[in-house]
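There are 2 protein chains.
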Amino acid sequence: MRETQYDQLQEKLYYEKLENGLQIYIMPKPEFNQAFATFSTKYGSIDREFVVPGQNEPVIVPDGIAHFLEHKMFEEEEGDVFQDFAKYGASANAFTSFDMTTYLFSATDHLKENLETLLDFVQRPYLTDENVEKEKGIIGQEIQMYDDNPDWRSYFGVLQGLFKNHPIRIDIAGTIESIAKITKETLMDCYKTFYHPSNMLLFLVGPFEPEETVKLVADNQARKKISPQGEIKRIFPEEPTEAAHPRMEVKLSVSIPRCLFGFKEVNPGVSGRDLLLRELATAVGFDTLFSRSADLFNRLFNEGLIDKGFSWEYEVSEAYGFSVIGGNTKDPDRLMTIINEELAKVRQNGVAKESFETSRKKLIGKFLEGMDSPRYIARNFTSYRFKDADFFDSIKVLEELTHEQVNQRMAEHFEPKAQTVSLVLPNS
Amino acid sequence: MRETQYDQLQEKLYYEKLENGLQIYIMPKPEFNQAFATFSTKYGSIDREFVVPGQNEPVIVPDGIAHFLEHKMFEEEEGDVFQDFAKYGASANAFTSFDMTTYLFSATDHLKENLETLLDFVQRPYLTDENVEKEKGIIGQEIQMYDDNPDWRSYFGVLQGLFKNHPIRIDIAGTIESIAKITKETLMDCYKTFYHPSNMLLFLVGPFEPEETVKLVADNQARKKISPQGEIKRIFPEEPTEAAHPRMEVKLSVSIPRCLFGFKEVNPGVSGRDLLLRELATAVGFDTLFSRSADLFNRLFNEGLIDKGFSWEYEVSEAYGFSVIGGNTKDPDRLMTIINEELAKVRQNGVAKESFETSRKKLIGKFLEGMDSPRYIARNFTSYRFKDADFFDSIKVLEELTHEQVNQRMAEHFEPKAQTVSLVLPNS
Chain S
1 MRETQYDQLQ EKLYYEKLEN GLQIYIMPKP EFNQAFATFS TKYGSIDREF VVPGQNEPVI
61 VPDGIAHFLE HKMFEEEEGD VFQDFAKYGA SANAFTSFDM TTYLFSATDH LKENLETLLD
121 FVQRPYLTDE NVEKEKGIIG QEIQMYDDNP DWRSYFGVLQ GLFKNHPIRI DIAGTIESIA
181 KITKETLMDC YKTFYHPSNM LLFLVGPFEP EETVKLVADN QARKKISPQG EIKRIFPEEP
241 TEAAHPRMEV KLSVSIPRCL FGFKEVNPGV SGRDLLLREL ATAVGFDTLF SRSADLFNRL
301 FNEGLIDKGF SWEYEVSEAY GFSVIGGNTK DPDRLMTIIN EELAKVRQNG VAKESFETSR
361 KKLIGKFLEG MDSPRYIARN FTSYRFKDAD FFDSIKVLEE LTHEQVNQRM AEHFEPKAQT
421 VSLVLPNS
Chain P
1001 MRETQYDQLQ EKLYYEKLEN GLQIYIMPKP EFNQAFATFS TKYGSIDREF VVPGQNEPVI
1061 VPDGIAHFLE HKMFEEEEGD VFQDFAKYGA SANAFTSFDM TTYLFSATDH LKENLETLLD
1121 FVQRPYLTDE NVEKEKGIIG QEIQMYDDNP DWRSYFGVLQ GLFKNHPIRI DIAGTIESIA
1181 KITKETLMDC YKTFYHPSNM LLFLVGPFEP EETVKLVADN QARKKISPQG EIKRIFPEEP
1241 TEAAHPRMEV KLSVSIPRCL FGFKEVNPGV SGRDLLLREL ATAVGFDTLF SRSADLFNRL
1301 FNEGLIDKGF SWEYEVSEAY GFSVIGGNTK DPDRLMTIIN EELAKVRQNG VAKESFETSR
1361 KKLIGKFLEG MDSPRYIARN FTSYRFKDAD FFDSIKVLEE LTHEQVNQRM AEHFEPKAQT
1421 VSLVLPNS
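Chains as they are written, first to last, in the numbering used here: chain S, 1 to 428; chain P, 1001 to 1428.
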């Protein structure tokens, strides 16, 4: 077992890799009541084309299958996973993102029993023709519900405006048409490929005892006799550097237009500490422009062009990178004119030195706040780990971050040709 | 300063009441990075009729004025409150509910400076005819946005279905028409009445040193020379025991109907430990019926009648009490038929003993988990304190809770005459 000490955070992280390839990370937090356990596979909605280990030809699977599989994992031949967790006072959940699927529980007691339940249900698929058909109805309803949601529609409008070919432009749940094509067999192909322990990571935070816990997991895995598996080859299409469409529009019954805009990252392809640096430099830059204490935010707010819900996010990985910024506005055109004038100035002159310092400190504070929350730690740790980055290095990266780096980042990111604007407009 | 020790939680709570009436509660959490400070007034959307201390006649103020005042408090004669907080690495926010308005910051550093900023901006209204007019546009936009939201509409559909007269049936933000009537003068009347320190509470959780912090607050308040104020007389209308309307319906452009139902509490009028007992007995009962491990939930889920978003809430106070339960469904009528059959059985036979035990333990776990989160603690503590209840007693109340009490609670609450169903249906 490897032990890493983070002096500044006063935290320790334990690491073990089992024979079947499963990686285990444990951050003991004995002073916490809550334990949080996540069992994740590096498998999300963008993994639509890949070579099944042992085969030669790539396969293309129906859109939305990773999310579909997540749903099906909760079904058991006998009984119900939620009841198994409830019996020992735990709550369980799961979510599927662009590039990972996570199963989790939180509990204050009976950590061993709950951990066994977590490992066992995720490693025991129960698929029948009937239960796959039934799920299509349930997920179809979920898809329709998101279709009603103006925020979700404007968000995917940005991704569809930015990306021409990359599967990140496709809704995580797929479409009614794509999920109709899902069968028990394709689900099992995906399961065998991506739910192999060598593609998975177990992260535990809370009052866990490291030695004992690793032994419990190792014994559980040894009983299952899972043979090793080669690397998974994922195939992604070529993606041009400019945005696919400068403007996307849809009409829904809303009273106030939603206006989101975003930029495609011209050079993604980062991982490890470079990825952390790129995300944090972008975050600091965005905070100087779009947080509630920013001059630009206040100018727009005082003109009544934006409201408190104005927000932003940024994500980058090996295969894609993008920002999504915006909210409600009574006048999308005027809003975008002012913002684009300001972003052109930022590309030229950078952000104010004083704002940079304030935002950098604010982000250090936010990170430290997050370290109080098992949920926050668990969610971020695995996502960065799958990108070869150590989330706990964030504070060091922020401390070493320079004004110059943020200015460079903003100049690089705010490329007009890589921009799209996505509008949801009232339909009357 | 009074000190209370909660042995089971291994927490201490410090209390002081200042001469001007302000109550201060501090829960030191030296092991936490994050500090969370809330400054709250017992004043929310339901306080529409009251006697201003020193006057004789009651006044009725426009709907939505508490929320309007919350918005205006962030405006300063010079500069911007968010910048003052950002300078010291803090994030600020505020919210208005039915019966309280809370201003808060979270920070990991410069707690003294941020605390002074919080106290000063909330105690320094800056209202002009111009800035009040301008705010009507901003809030009007917010109201329209909520009007688009099927979840919000179905939620207030329940409250309007349940309550005939009580102002809880009115949207917290008011309406475009009601906020048009708000003036600088009515805002100041409300401010003087409800923002007097004797109607307010400061709650701090995180790495605060109690003695030092109380001295800082006392000095800050002494400088402001605020004279004492008599009690505020609030006036609420009579409310019948049965629901105002058995069914509420609205059409919006949704693909899946929303179906929420709820019950009006026939006998609210509880406070203190009785209130805590009533809320927790209801919560345990609802968990046995509507959580993801419940038989009823699973039956409805497997029939495709509900999805994962099915949820419930319950609230009771001196003046009102109600539940709101439900989510999306493809068949509201069939859903309500099955649920009402089941609830009739529960009134007769109670909930299963084993489910009661599981849910009770689960809620104890949830409470302990929450104790790890300054945000969760702060949000709940003040709300209960304003109802003379001690949130930290929750665990004791849960431990002493009996199966019989939960069964009685369910029999009392699920009164068919006090039920309403609120539907948001597709408009095509």
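Cβ coordinates follow ideal geometry from the N, Cα and C atoms, glycine included.
Exercise for the section: Pull up the DSSP beta-bridge partners for P:ILE1139, would you. Expected result: Here residue 1139 of chain P is taken as the residue at index 139 of the second sequence, counted from 1. Paired residue(s): none; P:ILE1139 is not in a bridge.
Problem - 9 Å Cβ cut-off: residues of chain S touching P:ASN1298 - result: Here the question's residue 1298 of chain P lines up with position 298 in the second sequence. In chain order: ASP80, PHE82, GLN83.
Problem - For P:ASN1328, the first and last residue of its enclosing beta strand (DSSP E) - result: Stepping through the second sequence from its first residue, residue 1328 of chain P is reached at position 328. It spans 1321 to 1328 - the beta strand (DSSP E) in which P:ASN1328 sits, taken as one unbroken run.
Exercise for the section: Check whether the Cβ atoms of S:ALA378 and S:VAL205 lie closer than 8 Å to each other. Expected result: Mapped onto the first sequence, residue 378 of chain S falls at position 378. Mapped onto the first sequence, residue 205 of chain S falls at position 205. Contact flag set, yes.
Handout entry: Start-end ranges of the alpha helix (DSSP H) lying completely within the stretch 1077 to 1154 of chain P, minimum 4 residues
Key = 1081 to 1087, 1111 to 1122, 1129 to 1147
Practice task
Measuring only between beta-carbons, confirm whether S:LYS87 sits less than 8 Å from chain P.
Solution key: Residue mapping note: residue 87 of chain S aligns to position 87 of the first sequence, counting from 1. Cβ-Cβ to chain P under 8 Å: yes for S:LYS87.
Handout entry: Spatially closest choice to P:GLU1231 from P:TYR1384, P:GLU1003, P:PRO1053, P:VAL1324, by CA coordinates
Key = Reading the second sequence from its first residue, position 231 is the one you call residue 1231 of chain P. That would be P:PRO1053, whose Cα lies nearest to the Cα of P:GLU1231.
Exercise for the section: Taking all protein chains shown into account, decide if S:ALA222 is buried (16 or more other Cβ within 10 angstroms of its Cβ) or exposed. Expected result: For the purposes of this step, residue 222 of chain S is taken as residue 222 along the first sequence, with counting starting at 1. Exposed: under 16 other Cβ atoms inside 10 Å.
Exercise for the section: Take S:ALA94 and list the residues in its own chain whose beta-carbon comes closer than 6 Å to its own, dropping the five residues that flank it on each side. Expected result: As a first step, residue 94 of chain S must be located in the first sequence, where it is residue number 94. Answer for S:ALA94: GLU70, TYR103, listed in chain order.
Problem - Near-chain S residues of the stretch 1316 to 1339 of chain P - C-beta to any C-beta below 8 Å - result: ASN1328, LYS1330
Practice task
State the start and end residues of the unbroken alpha helix (DSSP H) segment that holds S:TYR376.
Solution key: Within the first sequence, the letter at position 376 stands for residue 376 of chain S. First-last of the alpha helix (DSSP H) with S:TYR376: 374 to 385.
Exercise for the section: Under 7 Å Cβ to Cβ from P:GLU1342, same chain only, skipping five residues before and after it: list those, please. Expected result: On the second sequence, residue 1342 of chain P is found 342 positions in, with the first residue counted as 1. Counting only Cβ-Cβ distances below 7 Å, and skipping sequence neighbours, we find LEU1296.
Handout entry: Check whether P:PHE1163 and P:GLU1239 have beta carbons under 8 Å apart
Key = For the purposes of this step, residue 1163 of chain P is taken as the residue at position 163 of the second sequence. For the purposes of this step, residue 1239 of chain P is taken as the residue at position 239 of the second sequence. Contact: yes.
Practice task
Taking the CB atoms as reference points, tell me whether S:GLY326 and S:PHE261 lie closer together than 8 Å.
Solution key: For the purposes of this step, residue 326 of chain S is taken as the residue at position 326 of the first sequence. For the purposes of this step, residue 261 of chain S is taken as the residue at position 261 of the first sequence. For S:GLY326 and S:PHE261, yes; Cβs fall inside 8 Å.
Practice task
Determine the burial state of S:ARG334: buried for a count of at least 16 other Cβ atoms within 10 Å of its Cβ, exposed for fewer.
Solution key: Residue numbering aside, residue 334 of chain S sits at position 334 when the first sequence is read from its first letter. Under this definition S:ARG334 is an exposed residue.
Problem - P:ALA1037 - DSSP class collapsed to helix/strand/coil - result: Translated into the one-based positions of the second sequence, residue 1037 of chain P becomes position 37. P:ALA1037 falls in the strand class under three-state DSSP.
Exercise for the section: Would you grab the beta carbon distance between S:PHE50 and S:PRO58 for me? Rounded to a whole angstrom, and I think it's under 8 Å. Expected result: Sequence index remark: in the first sequence, residue 50 of chain S carries index 50 (1-based). Sequence index remark: in the first sequence, residue 58 of chain S carries index 58 (1-based). Yes, they are in contact, since the Cβ atoms of S:PHE50 and S:PRO58 sit about 6 Å apart, within 8 Å.
Practice task
Leaving out five residues on either side along the sequence, give the residues of the same chain with a beta carbon under 7 Å from the beta carbon of S:GLU78.
Solution key: Taking the first residue of the first sequence as 1, we reach residue 78 of chain S at position 78. So the list is empty, once near-sequence residues are dropped.
Practice task
Report yes or no: is there a C-beta of chain P within less than 8 Å of the C-beta of S:ASN33?
Solution key: Reading the first sequence from its first residue, position 33 is the one you call residue 33 of chain S. So, interface residue.
Exercise for the section: Note down the Cα distance separating S:LEU398 from S:GLY64, rounded to an integer number of angstroms. Expected result: Residue numbering aside, residue 398 of chain S sits at position 398 when the first sequence is read from its first letter. Residue numbering aside, residue 64 of chain S sits at position 64 when the first sequence is read from its first letter. So the alpha carbons of these two residues sit roughly 36 Å apart.
Handout entry: Straight-line gap, S:LEU201 to S:TYR25 (C-alpha atoms, nearest Å)
Key = The count along the first sequence starts at 1 and reaches residue 201 of chain S at position 201. The count along the first sequence starts at 1 and reaches residue 25 of chain S at position 25. Distance between the alpha carbons of S:LEU201 and S:TYR25 is about 8 Å.
Problem - Residues within the stretch 1166 to 1181 of chain P neighbouring chain S, beta-carbon criterion of under 8 Å - result: none
Handout entry: Three-state secondary structure assigned by DSSP to P:LYS1251
Key = Locating residue 1251 of chain P in the second sequence gives position 251, where the first residue counts as 1. P:LYS1251 falls in the strand class under three-state DSSP.
Practice task
Look up P:TYR1191 in the DSSP assignment and say whether it is helix, strand or coil.
Solution key: The residue labelled residue 1191 of chain P in the question sits at position 191 within the second sequence. Reduced to three states, the DSSP call for P:TYR1191 is helix.
Practice task
Identify whether P:PRO1167 lies in helix, strand or coil by the three-state DSSP scheme.
Solution key: Taking the first residue of the second sequence as position 1, residue 1167 of chain P is located at position 167. It is helical.
Exercise for the section: Give the DSSP bridge partners of P:PHE1050, in chain order. Expected result: One-based indexing of the second sequence puts residue 1050 of chain P at position 50. DSSP output for P:PHE1050 lists P:VAL1059, P:ARG1234 as bridge partner(s).
Exercise for the section: Identify whether P:MET1001 lies in helix, strand or coil by the three-state DSSP scheme. Expected result: Indexing the second sequence from 1 puts residue 1001 of chain P at position 1. Residue state, collapsed to three classes: coil.
Practice task
Under 8 Å by Cβ, that's how I've got P:LYS1072 and P:LEU1127 pegged, so tell me the actual separation to the nearest angstrom.
Solution key: The count along the second sequence starts at 1 and reaches residue 1072 of chain P at position 72. The count along the second sequence starts at 1 and reaches residue 1127 of chain P at position 127. At roughly 6 Å, the Cβ-Cβ gap stays under 8 Å, so P:LYS1072 and P:LEU1127 are in contact.
Exercise for the section: Check the Cβ of P:PRO1257 against every Cβ in chain S and list those closer than 7 Å, keeping chain order. Expected result: Taking the second sequence and counting its residues from 1, the one referred to as residue 1257 of chain P is at position 257. The contacting residues do not exist; P:PRO1257 stays about 10 Å from chain S at best.
Practice task
Write down the C-beta distance between P:SER1422 and P:GLY1157 rounded to the nearest angstrom, noting that I regard them as a contact closer than 8 Å.
Solution key: Along the second sequence, one-based indexing puts residue 1422 of chain P at 422. Along the second sequence, one-based indexing puts residue 1157 of chain P at 157. Yes, they are in contact, since the Cβ atoms of P:SER1422 and P:GLY1157 sit about 3 Å apart, within 8 Å.
Practice task
Determine which residues share a DSSP beta bridge with S:THR420 and list them.
Solution key: Translated into positions along the first sequence, residue 420 of chain S becomes position 420. S:THR420 pairs with S:GLY262.
Exercise for the section: Tell me, to the nearest whole angstrom, how far the beta carbon of P:ASP1004 is from that of P:MET1100; I am working on the premise that it is less than 8 Å. Expected result: On the second sequence, residue 1004 of chain P is found 4 positions in, with the first residue counted as 1. On the second sequence, residue 1100 of chain P is found 100 positions in, with the first residue counted as 1. In the sequence under discussion, the amino acid at residue 1004 of chain P is Thr, which differs from the Asp named in the question. Not quite, the Cβ-Cβ distance comes to about 22 Å (not below 8 Å), so this is no contact.
Exercise for the section: Output the distance between the C-alpha atoms of S:VAL284 and S:LEU363, rounded to the nearest integer angstrom. Expected result: Counting from 1 along the first sequence, the entry for residue 284 of chain S is found at position 284. Counting from 1 along the first sequence, the entry for residue 363 of chain S is found at position 363. For S:VAL284 and S:LEU363, the distance between alpha carbons rounds to 7 Å.
Practice task
Please report how far the alpha carbon of S:GLU265 lies from the alpha carbon of S:ALA244, in whole angstroms.
Solution key: Here residue 265 of chain S refers to the residue found at position 265 when the first sequence is read from its first residue. Here residue 244 of chain S refers to the residue found at position 244 when the first sequence is read from its first residue. The straight-line gap from Cα to Cα measures roughly 13 Å.
Handout entry: Secondary structure of P:LEU962, DSSP reduced to three states
Key = Residue 962 of chain P is absent from the structure shown; chain P starts at 1001 and stops at 1428.
Handout entry: Sequence-distant residues of its chain with Cβ nearer than 6 Å to S:PRO384 (five each side left out)
Key = Numbered from 1 along the first sequence, position 384 holds the residue referred to as residue 384 of chain S. The question names Pro, but residue 384 of chain S is Tyr in the sequence shown. Excluding sequence neighbours, S:TYR384 sits near PHE391.
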